[in-house]
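In the working numbering, the protein residues as written are 5 to 353.
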Ligand code: GPP
Ligand code: MG
Ligand code: MG
Ligand code: MG
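Written out as structure tokens, the structure is:
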């Protein structure tokens, strides 16, 4: 039995080995008659979109499973299975991002052009998103079909995908052209959007996967689910903040929330804090493509000290999340949640 409790970089290397194995299985999937051209397309598409992120969601399945096993060394088989589930979440994320970048008319992602912006890709990216999504049940079928929790896994991925697509829908329909109406933007609306579009797949799903593998489920841990959802909301507020104030070289993407008229935490806070004069600026310049309009909005955010407001929000959220975690009876569950929170607190990317 190998010792997998070594440095984080070892775990990352092991995790990446599993990516190569899953990729080669998918590229020889007997359900399709492959040609060199089709295989090359899928391989390039996967390498471009799946492994290039921070891998936090995927790695946290292994971390969580390990903590649930209370420090016992994992077998090679357990490491492989937890990694495969981690990769299913990374595949899900790749699928969401490929399509989200089209919908948000974004430019870059993970330090490179968005997939649909790559020459000769264009709208083929939509079908690539569908392929990415279909890879998940193929991975699950190959490696989990005989497990007692197989049906629960399939159901979990389906439920979370539905919640995410529903969150994405409300993110998009609030911005409909011709109805640009800032008066409907509020903290409760923002919370609803980000809870569904981000929190379930980014925070709840990795822990839910680890619990299923360990023979448990999250419905028997409702307080854990609540903390994970709150952490996901905090994470998306950071994403909204970084869309404006993050360094593109660090976050790997260029913000488009102002141009896209998004119900971002930034604009919600600005609406809350502005005077009548400043409100006019928001109404006139928010949601326009022109860089001069965007600059006016950013200047207003500076005037309202949204950086300071965010710093305050960040430390308050940390304290609140930390005390909810400490209220939990199980030390191993506390450890899972604390390691998550530690990874995202004051993140710059
Ligand atoms: C993140 O929103 C939300 C998603 C990636 C979910 C997409 C869901 C689909 C069903 C396609 P965002 O647009 O703020 O993310 P980013 O800033 O990374 O573009
Ligand atoms: Mg986006
Ligand atoms: Mg989006
Ligand atoms: Mg964003």
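The beta-carbon is built from N, C-alpha and C at its ideal position, and this holds for glycine as well.
Around residue 174, the same chain offers 197 as residues with beta carbons nearer than 6 Å, after the five sequence neighbours per side are excluded. Secondary structure of residue 152 (DSSP, three-state): coil. Residue 117 carries a strand assignment under DSSP once its states are collapsed to helix, strand and coil. Residue selection by CB proximity (closer than 5 Å to any heavy atom of ligand 3) returns 104 and 108 in chain order. Burial check for residue 87: the Cβ neighbour count within 10 Å reaches 16 or more, so the residue is buried.
Under DSSP, residue 112 takes part in a beta bridge, and its partners are 117.
Pairing residue 46 with residue 177 gives a Cβ-Cβ distance that is not under 9 Å. Within 8 Å of the C-beta of residue 64 there is not a single heavy atom belonging to ligand 1.
In this structure, residue 260 has its CB closer than 8 Å to one or more heavy atoms of ligand 2. Counting only runs of at least 4 residues, the segment 20–55 fully encloses the following alpha helix (DSSP H) elements, listed from N- to C-terminal order: 40–53.
Rounded to the nearest angstrom, the gap between the Cα atoms of residue 43 and residue 95 is 17 Å.
Residue 140 and residue 161 do touch by the CB rule: their CB atoms are close to 6 Å apart, below 8 Å. Classified as buried, residue 201 has 16 or more neighbouring CB atoms from the shown chains inside 10 Å of its CB. For residue 127, there is no enclosing alpha helix (DSSP H), as DSSP marks it with neither H nor E. In the DSSP assignment, residue 309 falls outside any alpha helix (DSSP H) and carries neither an H nor an E. DSSP places residue 92 inside the alpha helix (DSSP H), whose first and last residues are 80–107. No residue range can be given for residue 350, since it is assigned to no alpha helix (DSSP H) and is classified by DSSP as neither H nor E. Cβ-Cβ distances below 6 Å link residue 221 to 215 in the same chain, with the five nearest sequence neighbours on each side left out; the list follows chain order. Listed in chain order, the alpha helix (DSSP H) elements of length 4 or more contained wholly in the segment 160–236 are 191–198 and 209–217.
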